[in-house]
């Protein structure tokens with residue numbers, strides 16, 4: 011083991027952070043250099059907060075002598091962070107469950123954790139800590155002396171999933187939830203599929219589960235993957251939503267009640283049940299916990315405000331997630347209103363993508379309010395320059411029993427609509 015890694019791992023149980031705002035007394039801080047900022051600029055701040063140690067780059071241009079803080083100089087902070095997490099996992103007895111996909115990752119992760127934790131010791135990645143920096147920080151901070159680690163894995167570019175599983179954590183059980191129809195900067199849907207499929211690349215990963223719809227893609231026609239579906243009875247795991255029956259390799263299990271009506275949440279539920287069965291959990295134990303499942307924060311989260319039902323769904327911004335949200339809006343006596351934020355990273359496809367979103371929205375809602383540059387060239391829609399303007403218009407058109415979907419990517423900060431409404 012590298013001496014510097016051993017030094018950090020030998021420290022008494024501590025807290026690890028890459029965000030200076032989260033540093034507290036005893037924290038080990040990793041001074042990462044990102045696109046927007048540089049962790050080295052916050053070393054004085056973390057020293058004042060009582061950090062125990064800061065991991066810094068060899069070529070750092072900040073004067074370390076005047077800091078009231080111990081520093082450890084390494085060649086590359088990110089690589090050191092990843093190696094530290096990998097080394098920390100070596101002593102863990104846990105089986106690793108890895109989850110990736112264009113949407114549904116965090117919700118499915120939360121569902122798996124909820125269904126497993128009554129019978130097993132389980133740790134999970136917090137929030138959406140799923141990137142090349144977020145995943146190792148999550149691993150370092152979690153209790154690893156457990157039966158299962160449930161890890162979410164995401165990508166910003168081709169090859170990133172492979173790096174996550176090879177450099178940090180290789181799953182024993184791996185799941186792919188969805189592959190986006192529009193692949194954005196990555197290229198085609200097939201290119202995106204190959205990138206997500208990297209979660210299966212290591213020999214350690216013996217159990218490979220995918221949404222049955224993915225079998226239509228060339229990338230998933232090379233193996234007999236385990237599959238799940240709420241539509242296709244031939245899937246390994248099939249949920250008959252109408253008759254409340256769960257099928258596993260053709261064997262039927264009765265379910266008294268499902269926790270959701272929305273198809274995308276039912277798919278997430280089925281994926282979680284399937285993973286738990288593959289992990290060895292008894293079906294009766296799963297049934298006991300099924301009704302405790304809840305939609306995760308800002309992912310189709312329902313909030314009733316003055317007789318208007320708001321649906322907060324502004325984490326995942328890909329078009330497929332938007333289509334799913336529109337399709338699953340609840341029935342109401344009043345109007346259905348969609349507040350839609352634009353999507354970035356679609357380049358030449360942007361106009362086509364946003365026109366499709368509007369055309370799809372018209373099938374399900376009575377009013378559409380948009381925000382974002384990408385909607386500007388679409389005719390006959392209400393496109394606003396600010397969230398405050400949207401809130402003002404909502405106040406004028408909302409009435410009792412209306413349903414309002416707030417849907418957009420995190421970068422748009424759609425949650426501010428509620429601040430302006432108040």
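Numbering (the numbering used here), first residue to last: 11 to 432. Here a beta-carbon is modelled for each residue, glycine too, at the ideal position from N, C-alpha and C.
Local conformation of residue i per DSSP, three classes
i, result
"residue 256", "strand"
"residue 243", "coil"
"residue 52", "helix"
"residue 279", "helix"
"residue 39", "strand"
"residue 237", "strand"
"residue 350", "strand"
"residue 294", "helix"
"residue 330", "helix"
"residue 428", "helix"
"residue 13", "helix"
"residue 320", "strand"
"residue 19", "helix"
"residue 64", "strand"
"residue 311", "strand"
"residue 175", "helix"
"residue 203", "helix"
"residue 162", "strand"
"residue 190", "coil"
"residue 227", "coil"
"residue 184", "strand"
"residue 58", "helix"
"residue 336", "helix"
"residue 265", "coil"
Member of the options whose CA lies at the smallest distance from the CA of residue i
i, options, result
"residue 214", "143, 247, 227 and 107", "107"
"residue 129", "149, 267 and 294", "294"
"residue 146", "328, 89, 385 and 79", "89"
"residue 40", "66, 21, 16 and 23", "66"
"residue 345", "378, 132 and 13", "378"
"residue 382", "414, 411, 407 and 420", "420"
"residue 323", "316, 162 and 312", "312"
"residue 232", "239, 249, 257 and 203", "203"
"residue 165", "174, 68, 256 and 223", "174"
"residue 351", "336, 334, 384 and 358", "384"
"residue 310", "399, 418 and 240", "418"
"residue 389", "290, 325, 362 and 207", "362"
"residue 96", "152, 292 and 113", "152"
"residue 69", "62, 82, 60 and 111", "82"
"residue 261", "277, 244, 267 and 55", "244"
"residue 407", "207, 307, 431 and 235", "431"
"residue 288", "360, 234, 205 and 185", "185"
"residue 394", "410, 118, 374 and 424", "424"
"residue 91", "141, 46, 47 and 54", "141"
"residue 325", "341, 183 and 306", "306"
"residue 238", "228, 221 and 254", "221"
"residue 123", "26, 329 and 286", "286"
"residue 25", "44, 167 and 56", "56"
"residue 229", "208, 246 and 212", "208"
"residue 357", "192, 23, 143 and 18", "192"
"residue 258", "268, 266, 280 and 276", "280"
"residue 301", "34, 121, 399 and 241", "121"
"residue 226", "188, 210 and 211", "188"
"residue 73", "63, 58, 51 and 374", "51"
Buried versus exposed call for residue i [16 or more other C-beta atoms within 10 Å across all chains shown]
i, result
"residue 190", "buried"
"residue 284", "buried"
"residue 155", "exposed"
"residue 278", "buried"
"residue 162", "buried"
"residue 264", "exposed"
"residue 60", "exposed"
"residue 117", "buried"
"residue 200", "exposed"
"residue 2", "Nothing about residue 2 can be read from this structure; the chain reaches only from 11 to 432."
"residue 246", "buried"
"residue 30", "buried"
"residue 328", "buried"
"residue 411", "exposed"
"residue 22", "exposed"
"residue 110", "buried"
"residue 159", "buried"
Residue-chain proximity (residue i, chain B), Cβ-Cβ < 7 Å
i, result
"residue 210", "Included in the structure is just one protein chain, with no chain B present."
**Study point:** Length-filtered (3 minimum) beta strand (DSSP E) runs lying within the segment 360-413
**Key:** Here the runs fully enclosed are 377-381 and 392-394.
Review point. Taking the runs of the beta strand (DSSP E) that are 3 residues or longer, which of them lie wholly in the segment 73-158?
Key: Segments of the beta strand (DSSP E) lying fully in the segment 73-158: 81-84, 105-110 and 132-134.
Check your understanding: Should the segment 399-412 be called in touch with the segment 363-374, which here means at least 3 C-beta pairs below 8 Å?
Key -> Verdict: no, contact absent.
Point to revise | Meets three-Cβ-pair contact criterion under 8 Å: the segment 66-79 and the segment 119-129 | key: These segments do not touch.
Practice item. Determine, using beta-carbon pairs with one atom in the segment 329-345 and one in the segment 263-281, whether at least three such pairs fall under 8 Å. Key: Taking a contact to require three or more Cβ pairs closer than 8 Å, the segment 329-345 and the segment 263-281 qualify as touching.
Exercise for review: Decide if the segment 209-228 is in contact with the segment 249-257; the criterion is three or more beta carbon pairs, one per stretch, under 8 Å apart.
Suggested key: Inter-segment contact for the segment 209-228 and the segment 249-257 is absent: fewer than three beta-carbon pairs are separated by less than 8 Å.
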